[in-house]
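Scroll down for the structure; my scribbles are underneath it.
2 protein chains.
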Amino acid sequence: MRKSTLEEVAAAAGVSKMTASRALRGVADVSKETREKVLLAAERLSYVGNRLALSLSSQRTNLVAVVVPSMSNIVFPEVLAGISAGLEGSGMQAVFGISDYDTAKEHTIIRDMLSWQPSAIVVTGLDQPQETVRMLQNAAIPVIQIMDLDGTPIDFNVGLSHGKAGEDMARALLAAGRRRFGYIGSALNRDLRACKRKAGFERVLNENGLGFVEQQIDDAFSSIALGKHLTQQMLAPAPNLDCIYYSNDDMATGGLFACMELGGSALGDILIAGFNGLDLALALPARIATSRSPRRTIGETAGKLAREAVAAGQPSPQKVFSFVPEITGVSALHPSRL
Amino acid sequence: MRKSTLEEVAAAAGVSKMTASRALRGVADVSKETREKVLLAAERLSYVGNRLALSLSSQRTNLVAVVVPSMSNIVFPEVLAGISAGLEGSGMQAVFGISDYDTAKEHTIIRDMLSWQPSAIVVTGLDQPQETVRMLQNAAIPVIQIMDLDGTPIDFNVGLSHGKAGEDMARALLAAGRRRFGYIGSALNRDLRACKRKAGFERVLNENGLGFVEQQIDDAFSSIALGKHLTQQMLAPAPNLDCIYYSNDDMATGGLFACMELGGSALGDILIAGFNGLDLALALPARIATSRSPRRTIGETAGKLAREAVAAGQPSPQKVFSFVPEITGVSALHPSRL
DNA sequence: ATGAAAGCGCTAACAT
DNA sequence: ATGTTAGCGCTTTCAT
């Protein structure tokens with residue numbers, strides 16, 4: 000069965016293409032009778048409009064392009080769900096691409112997405128290579144950079160400072176009496192935001208005459224299993240640690256599981272600290288420290304920005320939307336160790 | 000800065016639109032000199048082709064529409080990543096939509112996606128309402144229904160039988176000596192596949208003269224926190240159970256955490272059984288039973304099917320791709336209770 | 001190897 | 001309230 004066109008619907012309804020178009024779109028100045036005739040014809044032919052033609056003709060799309068680095072932990076899916084929610088009711092459609100934390104791939108994906116003439120584009124982070132930035136600037140649409148705040152935005156910026164998140168966590172842990180820190184991370188060469196958190200954390204340690212006593216860093220992407228494995232490696236020689244800072248909650252959860260299996264002092268004495276405030280982390284049977292990243296809200300804000308920037312005569316005057324993650328689960332050192 | 004068009008590139012290169020088009024696409028019969036002139040001009044104008052025009056003109060898109068019910072646990076993001084991977088290198092682009100387990104919303108989303116004239120469409124499940132099925136059939140493109148196998152597919156079908164998954168898990172648990180079962184689930188009115196698993200499980204229990212001793216079912220969507228909460232509710236009166244079957248691994252993980260906090264007999268004696276085989280479930284500090292759904296593979300298979308159905312002269316002759324989830328973590332009942 | 005003409009399906013702008 | 005004309009930016013087809 001061939002797809003039917005507006006022309007066929009119009010013919011079936013005995014009106015012109017234009018009248019059929021207006022009736023279908025619910026535009027003013029179509030008599031009730033005519034509208035019903037057209038709607039009926041469309042129904043009978045199971046007509047589905049062709050957005051390619053619509054958008055080409057009207058010079059506008061309802062598309063928002065979104066590029067995220069990964070789908071393998073729950074953080075970015077939540078951002079995407081937030082964007083979808085922020086767009087809901089606006090008639091706009093998010094189109095997603097996954098860069099796998101690869102800047103070359105990201106460039107290609109952005110290029111492909113731009114070729115669909117989206118009305119706005121959301122990209123993750125502020126550290127795109129120059130040629131990607133140039134391409135985004137040339138696109139002449141609102142560019143919304145999300146998650147990170149540490150850098151120079153092209154246009155709109157919604158996120159948090161990961162450097163500061165690391166600093167804040169370090170300060171909170173120091174205030175709780177922690178002094179002997181380990182660090183466990185992964186894929187730091189690709190996950191720049193995890194890097195910035197680590198750098199911020201280390202900055203504060205250094206200011207206090209401290210540093211990481213132990214480090215375990217792996218090239219693979221973060222996962223619970225990897226966090227568990229690296230923690231086992233770190234704790235095997237029974238180092239004198241009272242806290243381990245992880246690159247994120249997945250890794251930290253693995254760390255907690257490792258401690259639970261080791262039992263004894265590992266569990267009680269070493270505070271596990273992560274980042275994200277995943278639902279998982281909050282439901283864990285033992286407390287871990289974490290900073291809650293407002294990823295859903297970041298998505299929603301980006302979605303709303305996109306619709307405003309497109310719909311209204313004038314886009315939002317506010318360019319930067321800054322969030323500060325809330326720190327939870329920081330417990331004081333066990334009295335016996337003070 | 001206005002977006003430049005092919006015409007402008009052609010003018011800048013001193014050739015016709017057609018030649019520029021051929022040069023840009025790398026089509027045969029363009030002299031090397033000319034090609035380079037065009038490429039240079041395109042580069043200078045930072046030309047990005049307009050896919051709307053391309054697709055309208057050529058009557059084909061590189062789009063694969065994908066509709067999933069949710070992004071709030073890791074299962075569907077993994078399916079999406081699989082689809083992206085299965086499409087990689089084909090030049091095709093996946094476009095995602097989220098239905099929130101709402102069939103009306105699903106209908107609208109599918110309609111919207113079809114208006115972009117995708118080359119294939121991937122939808123979750125086999126239980127779309129009739130009018131949605133009709134719309135899909137009228138679209139005259141390959142329809143790939145994923146995840147579920149229990150029902151009548153429109154065209155291609157990639158997934159597993161959830162009824163059978165429930166049956167198999169029940170048999171495995173019975174074989175391990177379990178007899179007193181509880182059930183904990185959520186959103187069963189919307190998550191039809193969880194329903195089918197429960198029904199299959201119950202079927203086998205009934206065949207063996209058994210049934211669920213206790214049930215806790217909530218309307219909210221599944222989450223670790225909800226699984227934990229419902230488990231606490233179920234275990235508060237200390238019922239005599241040796242196994243709890245959960246609607247999925249998120250719920251089951253919450254159940255395990257509840258047991259860990261309760262400690263004592265709850266932890267050792269009650270086997271927690273879920274569904275999906277999440278990485279999380281496999282790294283947990285105590286074993287839970289689960290069936291590993293091959294969600295990534297399902298996604299990849301769907302992606303490959305889409306590209307084959309579109310690219311090749313003839314699409315895959317195989318219409319149904321059936322997977323059987325592997326069951327792990329079923330432990331025998333503690334000897335003292337036999 | 002290159003170009004000109006026609007048209008994809010729709011809407012904007014301008015009649016009537 | 002309805003219709004007509006032109007054109008969105010590209011590719012297809014047919015010339016040359």
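First to last, the protein sequences are chains A and B. Counting with numbering that gives the first Met the number 0, you get residues 0 to 337 for the letters of the first sequence. Counting with numbering that gives the first Met the number 0, you get residues 0 to 337 for the letters of the second sequence. In this text, a Cβ means the ideal position worked out from N, Cα and C, and glycines have one as well. Since we're looking at a predicted model, the values are computed, not measured.
* **Reduced DSSP category for residue 226 of chain B - H, G, I as helix; E, B as strand; rest coil** => helix
* Asked: Given a limit of 8 Å on CB to CB distance, which residues of the stretch 291-317 of chain B reach chain A?
  -> The residues in question: there are none.
* Alpha carbon to alpha carbon, how far is residue 278 of chain B from residue 27 of chain A? -> 55 Å
* Taking only beta-carbon atoms, is residue 197 of chain A less than 7 Å away from chain B? -> no
* Asked: Rounded C-beta distance between residue 167 of chain B and residue 326 of chain B? I'm assuming under 8 Å.
  -> 6 Å
* Asked: If you measure from the beta carbon of residue 247 of chain B to each beta carbon in chain A, is any gap under 7 Å?
  -> Taking Cβ atoms only, chain A never reaches closer than 7 Å to residue 247 of chain B, which makes this a no.
* Asked: Is the Cβ-Cβ distance between residue 40 of chain B and residue 8 of chain B less than 7 Å?
  -> yes
* Could you work out which residues of chain A lie near residue 2 of chain B, taking near to mean beta carbons separated by less than 7 Å? => 139
* Asked: For residue 143 of chain A, which residues of its own chain have a beta-carbon under 6 Å away from its beta-carbon, when the five flanking residues on both sides are left out?
  -> 121, 155, 301, 304
* Report, in whole angstroms, the separation of the C-beta atoms of residue 100 of chain A and residue 184 of chain A, which I expect to be a contact under 8 Å. => About 14 Å separates the two Cβ atoms, so there is no contact after all.
* Are any of the Cβ atoms in chain B nearer than 7 Å to that of residue 336 of chain A? -> Note that residue 336 of chain A scores a pLDDT of 46, beneath 50, so its modelled location is shaky and nothing firm can be said.
* Asked: For residue 55 of chain B and chain A, any beta-carbon pair shorter than 7 Å?
  -> yes
* Asked: How should residue 105 of chain B be labelled, buried or exposed, when 16 other C-beta atoms within 10 angstroms of its C-beta is the threshold for buried?
  -> buried
* **First and last residue of the uninterrupted beta strand (DSSP E) at residue 58 of chain B** => It is not in any beta strand (DSSP E) - residue 58 of chain B carries neither H nor E in the DSSP assignment.
* Report the partner residues of residue 239 of chain A according to the DSSP bridge assignment. => For residue 239 of chain A, which the question treats as bridged, DSSP gives no partner whatsoever.
* Please state whether DSSP places residue 109 of chain B in a helix, a strand or coil. => helix
* **Assigned secondary structure, residue 337 of chain A (DSSP; H/G/I helix, E/B strand, else coil)** => Note on residue 337 of chain A: pLDDT 44, under 50, position unreliable in the model; the coordinate value appears next. Three-state result, residue 337 of chain A: coil.
* To do: State the DSSP-derived secondary structure class of residue 92 of chain B, mapped to helix, strand or coil.
  => strand
* **Whole-Å CB distance - residue 90 of chain A paired with residue 72 of chain A, under 8 Å assumed** => No, residue 90 of chain A and residue 72 of chain A are not in contact; Cβ-Cβ is about 31 Å, not under 8 Å.
* On the three-state DSSP scale, how would you describe residue 70 of chain A? -> coil
* **Complete beta strand (DSSP E) runs within the stretch 265-291 of chain A (minimum length 3 residues, chain order)** => 270-272, 289-291
* Under 7 Å between C-beta atoms, does residue 259 of chain B make it to chain A? -> yes
* Taking Cβ positions only, does residue 118 of chain A come closer than 7 Å to chain B? -> Taking 7 Å as the threshold, the shortest C-beta distance from residue 118 of chain A to chain B does not fall below it.
* To do: Give the residues of chain B in contact with residue 94 of chain A, contact being defined as C-beta atoms less than 7 Å apart.
  => 94
* Collapsed DSSP secondary structure at residue 329 of chain A in the structure displayed -> coil
* To do: Would you give the residue range spanned by the beta strand (DSSP E) that residue 211 of chain B belongs to?
  => 211-217
* **Rounded C-alpha distance that separates residue 180 of chain B from residue 238 of chain B** => 10 Å
* Option in B:257, B:125, B:117 with minimal Cα separation from residue 233 of chain B -> B:257
* Asked: By Cβ distance, which residues of its chain are closer than 6 Å to residue 135 of chain B, with the 5 residues on each side in sequence left out?
  -> For residue 135 of chain B, where only same-chain residues beyond five positions count, the Cβ hits under 6 Å are 142, 153.
* Neighbourhood of residue 21 of chain A by C-beta, 6 Å cutoff - its chain only, sequence neighbours within 5 removed -> Same-chain partners within the cutoff: 29.
* Asked: Can you tell me the Cα-Cα spacing of residue 268 of chain B and residue 262 of chain B, whole angstroms?
  -> 10 Å
* Along chain A, in chain order, which residues have C-beta atoms closer than 7 Å to that of residue 110 of chain B? -> 47
* Are any of the Cβ atoms in chain A nearer than 7 Å to that of residue 207 of chain B? -> no
* residue 41 of chain A touches chain B at which residues, Cβ-Cβ below 7 Å? -> Residues of chain B passing the Cβ test: none, with the nearest at roughly 12 Å.
* Asked: In or out: residue 241 of chain B buried (at least 16 other Cβ within 10 Å) or exposed?
  -> Answer is buried; the Cβ neighbour count reaches 16.
* **For residue 297 of chain B, three-class secondary structure by DSSP** => helix
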